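Chemist: With the working numbering applied, the sequence shown corresponds to residues 210 to 298, in that order.
All C-beta atoms in this analysis are idealised placements derived from N, C-alpha and C, irrespective of residue type, glycine included.
Since the model is a prediction, treat every value here as computed from it, not as a measurement.
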Amino acid sequence: IMESSKDDLIIVFSATMSYFEYSDIRRIRHLLENRNIWMIGSGVKPDFIRHTITYESGNIPLAHPVQLVAVAELIAQKYAEIVNFSKKC
């Protein structure tokens with residue numbers, strides 16, 4: 210994230226939406242707010258992340274990886290369309 214640009218797509222998978230709770234984000238909060246970060250998980254979304262996709266975990270350990278991969282593929286496809294479109298304009 211520290212080396213990313215505004216054009217990079219960052220997808221964070223966090224089953225509990227707690228990914229950023231393990232570090233002191235105060236010094237990088239401005240980077241997080243200005244990056245194209247999509248956070249996918251089950252739980253309360255951080256207020257500095259603009260794009261989230263939440264799901265009900267249902268406590269089925271084997272189900273969520275397949276669901277998360279499908280969501281990641283859809284995001285990647287749509288992002289590729291957007292980037293290719295903007296390069297043509």
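Can you grab the Cα-Cα spacing for the pair Arg238 / Ile258, in whole Å?
Modeler: Cα-Cα distance, rounded: 10 angstroms.
Chemist: In this structure, does DSSP put Val292 in helix, strand or coil?
Modeler: Val292 falls in the helix class under three-state DSSP.
Chemist: Enumerate in chain order the residues of its own chain whose CB-to-CB distance from Gln276 is below 7 angstroms, with the five nearest sequence positions on each side excluded.
Modeler: Once the five neighbours on either side are set aside, the close Cβ partners of Gln276 are Tyr264.
Chemist: Quick one: give me the first and last residue of the beta strand (DSSP E) that Gly267 is part of.
Modeler: No beta strand (DSSP E) holds Gly267; DSSP gives it neither H nor E.
Chemist: Among Asp233, Ile234 and Pro274, which residue has its Cα nearest to the Cα of Ser251?
Modeler: Nearest C-alpha to Ser251: Pro274.
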